[in-house]
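Everything on this sheet refers to the single structure shown next.
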Amino acid sequence: MPKAPSKSAAPATLGPWWLMDGDEECPACGQLYIYELEFRCPECDVMSCIHCRRRHSDGRWVCVSCAENSNQEGR
Numbered sequence: 363m364p365k366a367p368s369k370s371a372a373p374a375t376l377g378p379w380w381l382m383d384g385d386e387e388c389p390a391c392g393q394l395y396i397y398e399l400e401f402r403c404p405e406c407d408v409m410s411c412i413h414c415r416r417r418h419s420d421g422r423w424v425c426v427s428c429a430e431n432s433n434q435e436g437r
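Positions 363 to 437 (the numbering used here) are the ones given, in order, by the sequence shown.
Here it is in structure tokens:
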């Protein structure tokens, strides 16, 4: 007769890879992210997580620092 799983045992399966913490650290926010979900700024080629990107006035996605610089220049 097979053993019944104990109620206190942790589940054997992990979550999807894109929902787990990664090994890369975002320089903008300091959070860990997965390399495959990395964002590279087309202006300065800085790597960051996908949450640290902003839409430029011309519709392109750029990093936070490039977005702030373009906002200051446009004033």
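Using N, Cα and C, we set each Cβ at its ideal position, and we do this for glycine too.
With 16 or more other CB atoms across the displayed protein chains lying within 10 angstroms of its CB, Cys388 is buried.
Remark: C-beta atoms of Ala429 and Ser410 do not approach each other more closely than 8 Å. In this structure, the CA atom of Asp420 is about 12 Å from the CA atom of Asn433. From the listed residues Glu398, Pro378 and Cys406, the smallest Cα separation to Glu386 is found for Glu398.
At a Cβ-Cβ threshold of 8 Å, Ile396 and Gly377 do not count as neighbours.
Checking the DSSP bridge columns, you'll see Arg417 partnered with Trp423.
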